[in-house]
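Asker: After the structure tokens below, expect a handful of questions from me.
2 protein chains.
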Amino acid sequence: MCLAKELGERRIIEIIFSCLERMPNIPFPLGDDASAFNINHERVAVLTTDMLVGKTDVPPQMNFWQAARKAVVMNISDLAAKGVKPIGVLTAIGCPNDLTKKDIEQIGKGLNDGAREYGAYVIGGDTNEASDLIISCTAFGVCRKNLFMGRSGAKPGDLIATTGFFGKPMSGLKILLNNFSQPPEIGKALVDAVLMPYARVTEGLVLAKTRAVTASIDSSDGLAWSLHELSKASKVGFLIDTLPIAQEVKKFAEIHDLDPIELALYGGEEYELVITVKPKLWKKVEETMKHVGTQIKKIGLVTKKLDLIFETMEKPIYIEARGWEHFKTTLHQNTNVS
Amino acid sequence: MCLAKELGERRIIEIIFSCLERMPNIPFPLGDDASAFNINHERVAVLTTDMLVGKTDVPPQMNFWQAARKAVVMNISDLAAKGVKPIGVLTAIGCPNDLTKKDIEQIGKGLNDGAREYGAYVIGGDTNEASDLIISCTAFGVCRKNLFMGRSGAKPGDLIATTGFFGKPMSGLKILLNNFSQPPEIGKALVDAVLMPYARVTEGLVLAKTRAVTASIDSSDGLAWSLHELSKASKVGFLIDTLPIAQEVKKFAEIHDLDPIELALYGGEEYELVITVKPKLWKKVEETMKHVGTQIKKIGLVTKKLDLIFETMEKPIYIEARGWEHFKTTLHQNTNVS
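Chains as they are written, first to last, in my numbering: chain A, 43 to 380; chain B, 43 to 380.
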């Protein structure tokens, strides 16, 4: 008998998807970061749902305000990756019995602040008693159908790029959960990356308007996992030549004798965008991103061959399909926010 | 220090709502059964979210297919009460580790079948590890703004009516959870009312089109609670002259020496619509409902005085603001679906 813990989250999603009849005329296929339905022949409403669970998503040092804000931000990040401006958020909360009134106020404020930070509002919700703290959000927005950035349009020859650098949350979690010492100059940045994630909404919106992006995803399950998802959806491979490792992560890895490549590729809980770009429009993308104050990093090429390879000076490394999912056990064993 | 278990779900919702900034130009106020946003000046998208938690919402005799179907139906019922046709459902699932592949398939099928039953589709979702079985759904649809049936339009002199009879789920739960014997002729109907709830989608849609309904709510927290919610939102009272008690409930109460009024008023987990109607248009409502094969029951009058009173032959009974919330402890203590 195969149990949930052996199946893993992705296989569970596949099993559930296999039971679902498909909506006719659905604007984009099931299994993208967000779902959509037509509101007229030009525009679609885009919705996404993502559940924060105390015992797997909330380290003990994260307060209720931060946890609720994160629950909103991780949903808004999925809209950002699709180039959709968030309008509103609905939230269903599972409350452990021992939450105090102050905790609940912190949750309310965190939900509000997470949404307002990106111009959205929390417009409804529901609450129930539950054993774990559960904050399940649904974020939605509206966009022009032809500006929606799906996962499946990457073509061989396209460039692959990211909106930032990787590895900070995984390093931060090692400080928060595994008692790695916090180096004075870089420690705060690493811990903050876990406690205060940011969604790339502005970047997603301007990127969509360039019409240069052929596929897009956020990196909430880690850079490696995002690349594998894009690869699967677009039926292409990737040849990565530059791994966008954060400076702080390089230092942290040096101090603690860790592999910075591991930290940057197989982390998760980070909300950069990973996009593929038509090479002729790369300059336009670069300029647009400069205009909003974000440096876009070209990290490699889309290939016809389905392999995902990181070319290093020594030997090529095959990028494995693993990431945050695998990591959850650690958080589970260490967290004390129920 | 005030804890969640003492506050109760409704107070928790109030606390969270008090933390939320209000969306400008929101078509309908926060706190209705569903939320909405304008998609153009005529139409609104309507969304609702509701979370099913194994330990409080799933009696041990309910299988995973039924639990997942119920999670969808309880969301669709909220749209039905607003007169909105469901288009799609998103679902975030918290999976206990010991769920089997077969359980997960049953959940997938239950989600699909619950949506398809009402013409909707499940178009996206997310899954996580959790201690309880959690099925958090968001259902949505689109409607003309002027056909949305809110809670706040009831006027003194309006009639109050329901789409059906009450008390079956509470009686069924007494059989399922409290070892009350199951009377041969009526037992199945009572138990089925718990395991296979139905949403009044067709009724909601045709009622909205009559333009006769001034306020509407479903009865998922019990008839008494629904009346109190309408009373609060519309700032009116109710004088109930006929309590719509199901025949099976009257018999069940007689056999087990229970109060049928208690069963009908203070139950919950039932999905009838409770509506107020302009008296001049009552005939139209009756005919419309007859046309879709549903008997509408006139149960009383909307009053200026804020009291909620059930007039009996003997003495008037004040209808208390309690219902399903209070009841949950029982289910909690008896259920074995985690």
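Ideal Cβ positions, reconstructed from N, Cα and C, are used throughout, including at glycine.
Is A/Gly246 closer than 8 Å to B/Thr91 when the C-beta atoms are compared?
Answerer: Walking along the second sequence from the start, residue 91 of chain B turns up at place 49. Walking along the first sequence from the start, residue 246 of chain A turns up at place 204. No, these two residues do not count as a Cβ contact at 8 Å.
Asker: What does B/Gly360 pair with, by DSSP beta-bridge criteria?
Answerer: In the second sequence, counting from the first residue as 1, residue 360 of chain B sits at position 318. First, the amino acid is wrong: residue 360 of chain B is Tyr here, not Gly. In the DSSP output, where bridge partners are listed per residue, B/Tyr360 has B/Ile351.
Asker: Hey, is B/Cys44's beta-carbon within less than 8 Å of any beta-carbon in chain A?
Answerer: The residue given as residue 44 of chain B occupies position 2 in the second sequence. Yes, its Cβ sits closer than 8 Å to a Cβ of chain A.
Asker: How would you call B/Val334, buried or exposed, if buried means at least 16 neighbouring beta carbons within 10 angstroms?
Answerer: For the purposes of this step, residue 334 of chain B is taken as the residue at position 292 of the second sequence. By the neighbour-count criterion, in which a residue is buried when 16 or more other Cβ atoms sit within 10 angstroms of its Cβ, B/Val334 is exposed.
Asker: At the level of alpha carbons, what is the spacing between A/Arg364 and A/Lys47?
Answerer: For the purposes of this step, residue 364 of chain A is identified with residue 322 of the first sequence, where counting begins at 1. For the purposes of this step, residue 47 of chain A is identified with residue 5 of the first sequence, where counting begins at 1. A/Arg364 and A/Lys47: Cα-Cα distance of roughly 16 Å.
Asker: Under 8 Å between C-beta atoms, does B/Ala134 make it to chain A?
Answerer: Within the second sequence, residue 134 of chain B is the residue found at index 92, counting from 1. B/Ala134 counts as touching chain A.
Asker: For the stretch 172-192 of chain A, which residues have a beta carbon sitting closer than 8 Å to at least one beta carbon of chain C?
Answerer: This model lacks chain C altogether; the protein chains it does include are A and B.
Asker: So that I know if they touch, is there some Cβ in chain A lying closer than 8 Å to that of B/Asp140?
Answerer: Position 98 of the second sequence, counting from 1, holds the residue named residue 140 of chain B. Yes, B/Asp140 lies at the interface with chain A (some Cβ there is under 8 Å from its Cβ).
Asker: Assign A/Arg193 to buried or exposed, taking buried as 16 or more other Cβ atoms, counted over all protein chains shown, within 10 Å of its Cβ.
Answerer: Numbered from 1 along the first sequence, position 151 holds the residue referred to as residue 193 of chain A. Label assigned to A/Arg193: buried.
Asker: Counting C-beta neighbours from all protein chains within 10 Å, is the total for B/Asn170 16 or more, i.e. buried, or is it exposed?
Answerer: Here the question's residue 170 of chain B lines up with position 128 in the second sequence. It is buried - the Cβ of B/Asn170 has at least 16 other Cβ atoms within 10 Å.
Asker: What number of angstroms, rounded off, separates the C-alpha of B/Thr133 from the C-alpha of B/Thr180?
Answerer: Counted from its first residue, the second sequence places residue 133 of chain B at position 91. Counted from its first residue, the second sequence places residue 180 of chain B at position 138. The alpha-carbon atoms of B/Thr133 and B/Thr180 are separated by roughly 6 Å.
Asker: Which value, in whole angstroms, describes the spacing of the CA atoms of B/Val316 and B/Ile259?
Answerer: What you label residue 316 of chain B is simply residue 274 of the second sequence in a count that begins at 1. What you label residue 259 of chain B is simply residue 217 of the second sequence in a count that begins at 1. So the alpha carbons of these two residues sit roughly 5 Å apart.
Asker: In the structure shown, what three-state DSSP assignment does A/Gly279 receive?
Answerer: To locate residue 279 of chain A, count along the first sequence from 1; it is residue 237. In the structure shown, A/Gly279 sits in a strand (DSSP, three-state: E or B).
Asker: Would you mind giving the Cβ-Cβ distance between B/Tyr313 and B/Val184, rounded to the nearest angstrom? I have them listed as a contact below 8 Å.
Answerer: Numbered from its first residue, the second sequence carries residue 313 of chain B at position 271. Numbered from its first residue, the second sequence carries residue 184 of chain B at position 142. At roughly 22 Å, the Cβ-Cβ gap does not stay under 8 Å, so B/Tyr313 and B/Val184 are not in contact.
Asker: Thinking A/Ile287 and B/Ala172 are a contact (beta carbons under 8 Å), I'd like their distance in whole angstroms, please.
Answerer: Residue 287 of chain A sits at position 245 when you count from the first residue of the first sequence. Residue 172 of chain B sits at position 130 when you count from the first residue of the second sequence. A/Ile287 to B/Ala172, Cβ: 33 Å. No contact.
Asker: Can you check DSSP and say which residues form a bridge with A/Gly152?
Answerer: Taking the first sequence and counting its residues from 1, the one referred to as residue 152 of chain A is at position 110. Partner(s): none; A/Gly152 has no beta bridge.
Asker: Does B/Thr204 come out as helix, strand or coil in the three-state DSSP assignment?
Answerer: Translated into positions along the second sequence, residue 204 of chain B becomes position 162. In the structure shown, B/Thr204 sits in a strand (DSSP, three-state: E or B).
Asker: So with CB distances below 8 Å, who are the chain B contacts of A/Ser384?
Answerer: Because chain A spans 43 through 380 in this model, residue 384 of chain A falls outside it and cannot be assessed.
Asker: Return yes when the Cβ of B/Thr252 is within less than 8 Å of the Cβ of B/Val327, no when it is not.
Answerer: Locating residue 327 of chain B in the second sequence gives position 285, counting from the first residue. Locating residue 252 of chain B in the second sequence gives position 210, counting from the first residue. Yes, Cβ-Cβ distance for B/Val327 and B/Thr252 is below 8 Å.
Asker: For the stretch 202-236 of chain B, list every residue whose C-beta sits within 9 Å of some C-beta in chain A, in sequence order.
Answerer: none
Asker: Measuring CA to CA, which of A/Met191, A/Phe294, A/Leu323, A/Ser273 is closest to A/Ser77?
Answerer: Here residue 77 of chain A is taken as the residue at index 35 of the first sequence, counted from 1. Nearest option by C-alpha distance: A/Met191.
Asker: Return the chain-ordered ranges of every beta strand (DSSP E) run that is complete within the stretch 270-354 of chain B and spans a minimum of 3 residues.
Answerer: 279-282, 315-319, 339-345, 350-352
Asker: Checking 8 Å against the spacing of the C-beta atoms, do A/Thr266 and A/Ile361 come in under that value?
Answerer: Counting from 1 along the first sequence, the entry for residue 266 of chain A is found at position 224. Counting from 1 along the first sequence, the entry for residue 361 of chain A is found at position 319. According to the sequence displayed, residue 266 of chain A carries Ala and not Thr. Closer than 8 Å, so yes.
Asker: What is the residue span of the alpha helix (DSSP H) that B/Phe70 lies within?
Answerer: For the purposes of this step, residue 70 of chain B is taken as the residue at position 28 of the second sequence. First-last for B/Phe70: undefined, no H or E at that position.
Asker: How would you write the range of the alpha helix (DSSP H) that B/Thr45 sits in, first residue to last?
Answerer: Along the second sequence, read from residue 1 onward, the residue named residue 45 of chain B stands at position 3. Correcting the residue type first, residue 45 of chain B is Leu in the shown sequence and not Thr. Element bounds for B/Leu45: n/a, residue is neither H nor E.
Asker: Let me know the secondary structure DSSP gives A/Arg253 once reduced to three states.
Answerer: The residue labelled residue 253 of chain A in the question sits at position 211 within the first sequence. A/Arg253 falls in the coil class under three-state DSSP.
Asker: If you check the beta carbons only, do B/Val131 and B/Val88 fall under 8 Å apart?
Answerer: Residue numbering aside, residue 131 of chain B sits at position 89 when the second sequence is read from its first letter. Residue numbering aside, residue 88 of chain B sits at position 46 when the second sequence is read from its first letter. No, these two residues do not count as a Cβ contact at 8 Å.
Asker: Taking C-beta to C-beta, are A/Gly152 and A/Arg111 nearer than 8 Å?
Answerer: Within the first sequence, residue 152 of chain A is the residue found at index 110, counting from 1. Within the first sequence, residue 111 of chain A is the residue found at index 69, counting from 1. Going by C-beta atoms, A/Gly152 is nearer than 8 Å to A/Arg111.
Asker: Does chain B have any CB closer than 8 Å to the CB of A/Ser258?
Answerer: For this step, residue 258 of chain A is matched to residue 216 along the first sequence. Interface criterion not met: the Cβ of A/Ser258 is under 8 Å from no Cβ in chain B.
Asker: B/Arg158 CB to nearest chain A CB: under 8 Å?
Answerer: In the second sequence, residue 158 of chain B corresponds to position 116, counting from 1. With 8 Å as the cut-off, B/Arg158 counts as an interface residue toward chain A.
Asker: Given a cut-off of 8 Å, decide if A/Leu249 and A/Val243 are closer than it, judged by their beta-carbon atoms.
Answerer: Indexing the first sequence from 1 puts residue 243 of chain A at position 201. Indexing the first sequence from 1 puts residue 249 of chain A at position 207. No, the Cβ-Cβ distance between A/Val243 and A/Leu249 is not below 8 Å.
Asker: Where A/Ser261 and A/Asp120 are concerned, what is the direct C-alpha to C-alpha distance, given to the nearest angstrom?
Answerer: Position 219 of the first sequence, counted from the first residue, corresponds to residue 261 of chain A. Position 78 of the first sequence, counted from the first residue, corresponds to residue 120 of chain A. Approximately 9 Å between the Cα atoms of the pair.
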